[in-house]
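Before any comments, here is the structure.
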Amino acid sequence: MTRPQPNLQDVFLNQVRKENVPTTVYLVNGFQIRGMVRGFDNFTVVLESDGKQMLVYKHAISTITPVRPVNYSVPPEHPAE
Numbered sequence: 154m155t156r157p158q159p160n161l162q163d164v165f166l167n168q169v170r171k172e173n174v175p176t177t178v179y180l181v182n183g184f185q186i187r188g189m190v191r192g193f194d195n196f197t198v199v200l201e202s203d204g205k206q207m208l209v210y211k212h213a214i215s216t217i218t219p220v221r222p223v224n225y226s227v228p229p230e231h232p233a234e
C-alpha cells in the first residue's frame, strides 16, 4: 500500500520550524512579520516574533521567505520489505 505523498507546503513549514530558521511572512495586505514558525495546521501558522505569539490565517499569507535556504525535498518512498 502506498503512503500519500506529503504536500510541499507542510514539508517546507515543518523544516523551517524544526531548524528554527527565521522567516519573513508577507501578508496579502503588504504587512510583514519577521519571526519563527512554531506550528501550523491546514488553516493557520503560529509565529513567534519579539517574544509574542501570533496565529496567522494562511489565506492572509502571500509569501514566506526564510533567511536561508531550507531542504524541503521529500525523500523517495522505499518499497515495502
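Quick note on numbering: our numbering labels position 10 of the sequence shown as 163, and the sequence is numbered without any gaps.
Using N, Cα and C, we set each Cβ at its ideal position, and we do this for glycine too.
Residue environment, Gly-188, which counts as buried when at least 16 other CB atoms sit within 10 Å: Looking up residue 188 in the sequence shown gives position 35. Burial state of Gly-188 is buried, judged by a 10 Å Cβ sphere holding 16 or more other Cβ atoms.
Could you name the residues of the same chain whose beta carbon sits closer than 8 angstroms to that of Leu-166, not counting the 5 residues immediately before and after it, in chain order? What you label residue 166 is simply residue 13 of the sequence shown in a count that begins at 1. Excluding residues within five positions, the ones whose Cβ falls inside 8 angstroms are Val-190, Phe-193, Val-198 and Ile-217.
C-beta atoms of Val-169 and Pro-219 nearer than 8 angstroms: Counted from its first residue, the sequence shown places residue 169 at position 16. Counted from its first residue, the sequence shown places residue 219 at position 66. In contact: Val-169 and Pro-219 (Cβ atoms closer than 8 angstroms).
Start-to-end residues for the alpha helix (DSSP H) that takes in Arg-191: Your numbering for residue 191 matches position 38 in the sequence shown. No alpha helix (DSSP H) holds Arg-191; the beta strand (DSSP E) holding it covers 185 to 193.
Residue from Tyr-225, Ile-214, Asn-224 and Ser-226 with nearest C-alpha to Gly-98: Missing from the structure shown is residue 98; the chain here goes from 154 to 234 and no further.
What three-state label does DSSP hand Val-198 in the structure shown? As a working mapping, residue 198 is identified with position 45 in the sequence shown. Reduced to three states, the DSSP call for Val-198 is strand.
Taking all protein chains shown into account, do 16 or more other C-beta atoms lie within 10 angstroms of the C-beta of Leu-208, making it buried, or fewer, making it exposed? Here residue 208 corresponds to residue number 55 of the sequence shown, with the count starting at 1. Leu-208 is exposed by the Cβ-count criterion.
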